[in-house]
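Trainee: Here the sequence shown is numbered in this note's numbering, starting from 22 and rising by one per residue.
Just so you know, even glycine gets a beta-carbon here, dropped at the ideal spot from N, CA and C.
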Amino acid sequence: MKEIVKVTIGLEKYTTQLYAGNHHFIGDEPAEYDGADLGPAPYDFLLGSLGSCSAITIRMYADRKEWNLEGVEISLGMEKEKKEGNDFITHITRNVKLIGDLDDKQKDRLLKIADACPVAKILKNEIRVASNLVS
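1) Please report the residue range of the alpha helix (DSSP H) in which A41 lies.
2) Spatial neighbours of E100 within its chain, please: CB distance less than 6 angstroms, with the 5 preceding and 5 following residues excluded, ordered by chain position.
3) At what residues does the beta strand (DSSP E) containing L132 begin and finish?
4) Can you list, in chain order, the residues of its chain whose CB lies under 8 angstroms from that of E33, leaving out five sequence neighbours each side?
5) Quick one: grab the DSSP three-state call for R85.
6) Roughly how many whole angstroms lie between the Cα atoms of I95 and I77?
7) Could you check whether V140 and L71 sit closer than 7 angstroms to each other, using their CB atoms as the reference points?
8) What separation, rounded to the nearest whole angstrom, lies between the Cα atoms of P61 and E50?
9) Using 8 angstroms as the threshold, is the region 37-46 in touch with the region 78-88, meaning 3 or more CB pairs across them?
10) Any beta-carbon of chain B closer than 7 angstroms to the one on A137?
11) Taking all protein chains shown into account, decide if S152 is buried (16 or more other Cβ within 10 angstroms of its Cβ) or exposed.
12) Do S75 and A135 come within 7 angstroms of each other at the CB atom, strictly closer than that value?
13) When you compare only the Cα positions, how much space is there between V150 and L119?
Here is the structure:
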């Protein structure tokens with residue numbers, strides 16, 4: 022396995038240190054969940070990954086087509102729907118605002134391109150998580 026992100030936590034409740042390449046950032050839980058609210062919560066990172074990947078993919082496509090896309094704003098939300106037992110369905114809503122002189126056909130295409138971003142593809146397919154103890 023190639024390590025992409027490393028996360029550490031000490032005795033503080035629930036502040037995590039995240040390292041990705043040359044970047045360092047903090048994750049935490051909001052005060053309502055006994056955290057110190059020093060950084061985004063884990064679900065925020067998940068939605069941020071999808072939003073960032075979507076915006077980058079849209080930007081790359083519009084640049085390749087030389088379309089007049091001045092900017093992209095994406096807002097995301099998530100809800101869980103209970104199923105049987107401990108199962109649930111996660112519903113993620115991604116609202117995309119395209120800024121620039123684009124016609125309806127271009128806008129529709131860029132929305133479809135958002136669905137083709139690598140993180141969206143991962144989230145739409147089966148995900149298996151393997152946990153291993155290491156020393």
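Mentor: On the basis of the coordinates in this document:
1) In the sequence shown, counting from the first residue as 1, residue 41 sits at position 20. Where A41 is concerned, there is no enclosing alpha helix (DSSP H), although the beta strand (DSSP E) it sits in stretches over 37-41.
2) As a position in the sequence shown, residue 100 is number 79, starting the count at 1. Result list for E100: H112, in chain order.
3) Taking the sequence shown and counting its residues from 1, the one referred to as residue 132 is at position 111. L132 -> not in any beta strand (DSSP E); alpha helix (DSSP H) instead, spanning 125-136.
4) Walking along the sequence shown from the start, residue 33 turns up at place 12. Counting only Cβ-Cβ distances below 8 angstroms, and skipping sequence neighbours, we find A57.
5) The sequence position of residue 85 within the sequence shown is 64, counting from 1. Helix.
6) In the sequence shown, the residue the question calls residue 95 occupies position 74. In the sequence shown, the residue the question calls residue 77 occupies position 56. For I95 and I77, the distance between alpha carbons rounds to 11 angstroms.
7) Residue 71 sits at position 50 when you count from the first residue of the sequence shown. Residue 140 sits at position 119 when you count from the first residue of the sequence shown. Yes.
8) Taking the first residue of the sequence shown as position 1, residue 61 is located at position 40. Taking the first residue of the sequence shown as position 1, residue 50 is located at position 29. Their Cα atoms are separated by approximately 7 angstroms.
9) no
10) Within the model displayed, chain B is absent; a lone protein chain is all it includes.
11) Locating residue 152 in the sequence shown gives position 131, counting from the first residue. So S152 ends up on the exposed side.
12) Walking along the sequence shown from the start, residue 135 turns up at place 114. Walking along the sequence shown from the start, residue 75 turns up at place 54. Going by C-beta atoms, A135 is nearer than 7 angstroms to S75.
13) Taking the first residue of the sequence shown as position 1, residue 150 is located at position 129. Taking the first residue of the sequence shown as position 1, residue 119 is located at position 98. Distance between the alpha carbons of V150 and L119: 34 angstroms.
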